[in-house]
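A.B. asks: Be aware that the sequence shown starts at 7, since it is given in the numbering used here, and climbs by one per residue. Yeah, the Cβ is synthetic: ideal placement off N, Cα and C, and Gly gets one too. Dropping a structure here in structure tokens format, bear with me for questions.
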Amino acid sequence: MIDRQAGQIIWQCDSCEDVLETGTPDFDDARAIMQRKQWKAQKIGRDWIHACPECEIDR
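Right under this line is the structure:
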């Protein structure tokens, strides 16, 4: 899940409670941070699913 808190983009794993605070309000910068930290995002149907490095995206 993607969220904005205190002006920054937050990624939350859809499989566990892990959260990645990016420290940036810019989506492209936040996405680059997510990829550098080895988080995954995949569109399944109409929804985007986000997973931390410890979890896998189930189809």
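Determine whether the beta carbon atoms of Q48 and I55 lie at a separation below 8 angstroms.
C.D. replies: Start at 1 with the first residue of the sequence shown, and residue 48 comes out as number 42. Start at 1 with the first residue of the sequence shown, and residue 55 comes out as number 49. It is a contact, given that the beta carbons lie within the stated cut-off.
A.B. asks: Assign A12 to one of two classes, buried (16 or more other C-beta atoms within 10 Å of its C-beta) or exposed (fewer than that).
C.D. replies: As a working note, residue 12 is residue 6 in the sequence shown. Label assigned to A12: exposed.
A.B. asks: The beta strand (DSSP E) spanning A57 covers which residue range?
C.D. replies: Along the sequence shown, read from residue 1 onward, the residue named residue 57 stands at position 51. Residues D53 to A57.
A.B. asks: Going by DSSP, what residues sit across from Q11 in a beta bridge?
C.D. replies: Looking up residue 11 in the sequence shown gives position 5. DSSP output for Q11 lists Q14 as bridge partner(s).
A.B. asks: Please state whether DSSP places Q48 in a helix, a strand or coil.
C.D. replies: As a first step, residue 48 must be located in the sequence shown, where it is residue number 42. The answer is strand: DSSP assigns Q48 an E or B state.
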